[in-house]
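First up is the structure itself, then whatever we jot down about it.
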Amino acid sequence: LVSRPEIALAAILHPLVAKVFYDGPSYWRVQSAIEISGQARDLAPSIKEPEACRALVEWTDIKERWADHIPGNPGDLWEWLLEQPTDRLTDLLAVVTAANLNAVNAKHDHSRDRLNHADEIATTLKLDMGQHWTPEAAFLSRLSKVQLAEVMAEAGCAGDAIKVIGKAQKAEAVALAEKALQGKTWLPIPLRARNVENPEIGAVGMEAV
Numbered sequence: 001l002v003s004r005p006e007i008a009l010a011a012i013l014h015p016l017v018a019k020v021f022y023d024g025p026s027y028w029r030v031q032s033a034i035e036i037s038g039q040a041r042d043l044a045p046s047i048k049e050p051e052a053c054r055a056l057v058e059w060t061d062i063k064e065r066w067a068d069h070i071p072g073n074p075g076d077l078w079e080w081l082l083e084q085p086t087d088r089l090t091d092l093l094a095v096v097t098a099a100n101l102n103a104v105n106a107k108h109d110h111s112r113d114r115l116n117h118a119d120e121i122a123t124t125l126k127l128d129m130g131q132h133w134t135p136e137a138a139f140l141s142r143l144s145k146v147q148l149a150e151v152m153a154e155a156g157c158a159g160d161a162i163k164v165i166g167k168a169q170k171a172e173a174v175a176l177a178e179k180a181l182q183g184k185t186w187l188p189i190p191l192r193a194r195n196v197e198n199p200e201i202g203a204v205g206m207e208a209v
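Numbered by my numbering, the letters in the sequence shown go through residues 1 to 209 in order.
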């Protein structure tokens, strides 16, 4: 196996692909000699309105496109992997690795070492969540009017627009804030690169995402 890296790649993918793309009885039918226990991280429970999360929708689309090519019968997975060219296997490895990435800062699981490594991966990738997330009504509606004003101020919105928020009804305030924030680069703390200074508004972003 050491001298056949292309087969080693297929072998290490075997249990990882099974974990990500098969579930229930189908998954348990896959037996692998490679002792790697992958995960199938589901981010939806960590997001209050997953259907409004553009990044999650994009990720789901990626998985579904790959699922169209993965054999429906788990017993065919190994032969299918061996038939794939190396570049396709490396693309698949990227997908199942992403599926195993745990960068969630949960109340019951907030390992600093794990989260630091997740930050290092994001930095290496030059990840900019501003390309995948914008402050829209689904997020802004969970903030108080005071918090909306704080977000707008931090994002550099005009002072007059911020003052209007305090006088408006909540629904109108959300709509006004959403319009004012269009084209701005504001992100809540959980979505910011770690080299960005975290002001107090971060507590608002942490609770609402």
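Where a beta carbon is used, it is the ideal one built from N, C-alpha and C, also for glycine.
Cβ-based neighbour list, residue i, same chain, cut-off 6 Å, excluding 5 preceding and 5 following
i	result
lysine 19	Gly38, Ala40
leucine 9	Leu89
Neighbourhood of residue i by C-beta, 7 Å cutoff - its chain only, sequence neighbours within 5 removed
i	result
isoleucine 7	Leu1
alanine 153	Ile162
lysine 170	Lys145
Contact under 8 Å by Cβ, residue i with residue j
i	j	result
alanine 173	isoleucine 165	yes
valine 96	leucine 176	no
leucine 89	leucine 77	no
isoleucine 36	isoleucine 12	yes
valine 104	proline 74	no
leucine 140	glutamate 178	yes
N-terminal and C-terminal residue of the alpha helix (DSSP H) that residue i is part of
i	result
valine 96	86-100
isoleucine 165	159-167
isoleucine 121	112-125
methionine 152	145-155
valine 104	Element bounds for valine 104: n/a, residue is neither H nor E.
Contact set for residue i: own chain, Cβ-Cβ below 8 Å, skip 5 residues either direction
i	result
valine 57	Glu51
proline 5	none
tryptophan 66	Phe21, Leu92, Val95
Item to complete: Mind the definition here: the segment 176-184 touches the segment 130-137 only if three or more C-beta pairs lie below 8 Å; say whether that holds.
Response: yes
Worksheet item: Which parts of the segment 12-91 are runs of the beta strand (DSSP E), unbroken and 3 residues or longer, counting only runs that do not cross its ends?
Response: none
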